[in-house]
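In this text, residue positions in the sequence shown follow my numbering: the first is 15, and each later residue adds one.
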Amino acid sequence: MLDRLERRRDALPEFARADADRLLAQRDQLLARIAAHANDDGKGIKTRLHGDYHLGQVLLVQNDFVIIDFEGEPSRTMEERAQKHSPLKDVAGMLRSFDYAMHTALFKFVSERPDAREAVEPAGRQWQAQARGAFLDGYDEVARASGVTSARAEMKGLLELFVLEKAVYELKYEIDNRPDWVRIPLIGLLDTLQRSR
Numbered sequence: 015m016l017d018r019l020e021r022r023r024d025a026l027p028e029f030a031r032a033d034a035d036r037l038l039a040q041r042d043q044l045l046a047r048i049a050a051h052a053n054d055d056g057k058g059i060k061t062r063l064h065g066d067y068h069l070g071q072v073l074l075v076q077n078d079f080v081i082i083d084f085e086g087e088p089s090r091t092m093e094e095r096a097q098k099h100s101p102l103k104d105v106a107g108m109l110r111s112f113d114y115a116m117h118t119a120l121f122k123f124v125s126e127r128p129d130a131r132e133a134v135e136p137a138g139r140q141w142q143a144q145a146r147g148a149f150l151d152g153y154d155e156v157a158r159a160s161g162v163t164s165a166r167a168e169m170k171g172l173l174e175l176f177v178l179e180k181a182v183y184e185l186k187y188e189i190d191n192r193p194d195w196v197r198i199p200l201i202g203l204l205d206t207l208q209r210s211r
């Protein structure tokens with residue numbers, strides 16, 4: 015994927031090239047983070063997944079939520095979608111969705127008011143951190159109570175692996191289909207590398 019990013023770098027929108035360059039400069043760190051947790055993938059329970067879990071799949075109905083579209087990632091075969099995986103893959107999908115929500119709102123706002131970026135980005139990042147924290151707290155509470163998984167500290171490495179995996183998938187998708195959105199997974203990968211230091 016990084017080779018593809020490097021080859022397509024000049025075709026990216028100008029506003030995304032600096033982030034692409036920053037990620038390419040951290041190629042070794044990214045590969046090391048993935049390698050550090052690559053053997054963790056077999057740990058923990060495995061179950062059927064939603065497979066494409068994000069905010070767009072969660073509907074608010076009166077005072078409850080309904081989760082829709084259990085078909086999985088469209089790019090995967092039906093056989094791949096039916097395989098059991100760690101439920102943390104869906105958790106990673108939702109965490110990446112919070113990133114998309116924040117950055118989509120931020121980029122739209124800043125496109126109309128470019129001088130406001132420095133003023134509004136901290137609020138967006140705060141919302142993002144609170145949404146991620148609340149979701150992880152809720153997941154951890156339910157998972158621990160049901161005995162499904164270990165505490166958050168013990169699942170941190172595996173979750174980081176799946177967040178990186180999802181962001182790499184998104185990067186490929188955006189490069190191929192929506193280059194104007196490529197900054198979102200680029201920033202997500204850079205942020206994940208920064209958090210893991």
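All C-beta atoms, glycine included, are put in the ideal place defined by N, C-alpha and C.
Just so you know, these numbers come straight off a predicted model, no measurement behind them.
query                                                                                                               : result
Identity of the residue in 82, 63, 30, 24 nearest residue 72 by Cα                                                  : 82
Three-way DSSP call (helix, strand, coil) for residue 59 in this model                                              : coil
Whole-angstrom distance between residue 182 and residue 143, CA atom to CA atom                                     : 21 angstroms
Three-way DSSP call (helix, strand, coil) for residue 80 in this model                                              : strand
Closest residue to residue 150 among 177, 137, 131, 130 (Cα-Cα distance)                                            : 177
The stretch 197–210 in contact with the stretch 33–42 per 3-pair CB rule at 8 angstroms                             : yes
Supposed close pair residue 107, residue 95 - CB separation, criterion 8 angstroms                                  : Contact doesn't hold; Cβ gap of about 13 angstroms is too wide.
Proximity below 8 angstroms, CB of residue 47 to CB of residue 16                                                   : no
8 angstroms contact criterion, which residue 198 and residue 114 should meet: CB distance rounded                   : 6 angstroms
8 angstroms contact criterion, which residue 18 and residue 189 should meet: CB distance rounded                    : 6 angstroms
Cβ shell of residue 43 (< 8 angstroms), same chain only, five flanking positions each side left out                 : 207
Residue 100 classed as buried or exposed, judged by whether at least 16 other C-beta atoms fall within 10 angstroms : buried
Simplified DSSP state of residue 196, which is helix, strand or coil                                                : coil
Beta-carbon proximity check, residue 130 vs residue 123, cutoff 8 angstroms                                         : yes
Enclosing alpha helix (DSSP H) for residue 45 [first to last residue]                                               : 41–51
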